[in-house]
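Novice: Quick note: the sequence shown uses the numbering used here, first residue 596, plus one each step. Beta carbons are placed, not taken as given, at the ideal position from N, Cα and C, and that holds for glycine. My questions all concern the structure below.
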Amino acid sequence: MEFGARTDIGLVRKINEDGFHVGGNLFAVADGMGGHQAGEVASRVALEVLADYHIDRADPKSSLQGAFQRANEVVYMKARKDKTLVGMGTTLTALLITEGRLWVAHVGDSRAYLCRQRELVQLTQDHSVVGELVRNGDLSAQEARFHPHRNLLTRALGTASVVAVDVFSTEWQQDDKALLCTDGLSGPLEDDEIRQIIQDHDDPQGAVDELIRQARKRGAPDNVTAVLIKLASQDKSARRRHA
Ligand code: MG
Numbered sequence: 596m597e598f599g600a601r602t603d604i605g606l607v608r609k610i611n612e613d614g615f616h617v618g619g620n621l622f623a624v625a626d627g628m629g630g631h632q633a634g635e636v637a638s639r640v641a642l643e644v645l646a647d648y649h650i651d652r653a654d655p656k657s658s659l660q661g662a663f664q665r666a667n668e669v670v671y672m673k674a675r676k677d678k679t680l681v682g683m684g685t686t687l688t689a690l691l692i693t694e695g696r697l698w699v700a701h702v703g704d705s706r707a708y709l710c711r712q713r714e715l716v717q718l719t720q721d722h723s724v725v726g727e728l729v730r731n732g733d734l735s736a737q738e739a740r741f742h743p744h745r746n747l748l749t750r751a752l753g754t755a756s757v758v759a760v761d762v763f764s765t766e767w768q769q770d771d772k773a774l775l776c777t778d779g780l781s782g783p784l785e786d787d788e789i790r791q792i793i794q795d796h797d798d799p800q801g802a803v804d805e806l807i808r809q810a811r812k813r814g815a816p817d818n819v820t821a822v823l824i825k826l827a828s829q830d831k832s833a834r835r836r837h838a
């Protein structure tokens, strides 16, 4: 699977609380929150648990649910045991690629997109106050990008003993590209600009580098993370699943 990935501290924040995972057919981004360095711990721990979790290829849906619940539990328990980490949490958005299907598991306001030819479609719903306002028609997507409460999440991983996880799948076609990103990218850049950059760069790492460069040009007020995967069925790991 050809992919590009990068995380960048941005131009304002003192630490990078974002993180990503790439490996095999599992990809993820996480955007941690919490005082001091707690957000960085939350995103790192969640990504580690996800990466280590045994994914049963015969049952991606339960596996992803299980992995997210486990990650939630580990982050939550860690926060309860260490008072410097109280209240920490993280977004977690993951993609599991199987033959012909793209499985998405998601909590928070990081995003998964599917880019097909000239179209970019956001697959995930933002679990944020402004995300809900947009879905209810009370706010435009444009207004949401500059809303003072745009960082308020309605769901995060690790802040309570259980978490509601969105898990679903969609079919993918040859040459589709899947993008995972944190709000440090989708805030400063409009969907149409993201789509254009992905279309202009066939090389996924080249596209990711340009996406981050553009977010920095806009002042990068937040940490910025992007993972871009070029979906192709001649992929060796895809074949191996059928062996
Ligand atoms: Mg962020």
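DSSP three-state call for L780: helix, strand or coil?
Specialist: Residue state, collapsed to three classes: helix.
Novice: Do the region 673-689 and the region 723-731 touch if we need at least three Cβ pairs shorter than 8 Å?
Specialist: As far as the Cβ criterion goes, the region 673-689 does not touch the region 723-731, which means the pair count is below three.
Novice: Beta carbon of T602: closer than 8 Å to some heavy atom of ligand 1?
Specialist: No.
Novice: So for T719, helix, strand or coil by DSSP?
Specialist: Here T719 sits in coil by DSSP.
Novice: Is F663 closer than 9 Å to V803 when the C-beta atoms are compared?
Specialist: Cβ atoms of V803 and F663: not closer than 9 Å.
Novice: Ligand 1: which residues have Cβ under 5 Å from any of its heavy atoms, chain order?
Specialist: Having a Cβ closer than 5 Å to some heavy atom of ligand 1 are D626, T777, D778, G779 and D817.
Novice: Is the region 751-771 in contact with the region 670-677, if contact means three or more CB pairs nearer than 8 Å?
Specialist: Touching, yes, given that three or more Cβ pairs across the two stretches are closer than 8 Å.
Novice: Using 10 angstroms around the beta-carbon of D677, count the other beta-carbons present and answer buried if the total reaches 16, otherwise exposed.
Specialist: Exposed, since its Cβ has fewer than 16 Cβ neighbours within 10 Å.
Novice: Are the beta-carbon atoms belonging to I824 and L715 less than 9 Å from one another?
Specialist: Cβ atoms of I824 and L715: not closer than 9 Å.
Novice: Are the CB atoms of V613 and T749 nearer to each other than 9 Å?
Specialist: Residue identity check: residue 613 is Asp in the sequence provided, not Val. No, these two residues do not count as a Cβ contact at 9 Å.
Novice: Please state whether DSSP places R750 in a helix, a strand or coil.
Specialist: Correct three-state label for R750: coil.
Novice: Assuming the contact rule is C-beta atoms closer than 8 Å, A637 and G627 should be a hit. Round their C-beta distance to whole Å, please.
Specialist: That pair is a contact at about 4 Å.
Novice: Cα separation between S723 and N731?
Specialist: Rounded to whole angstroms, S723 to N731 spans 12 Å at the Cα level.
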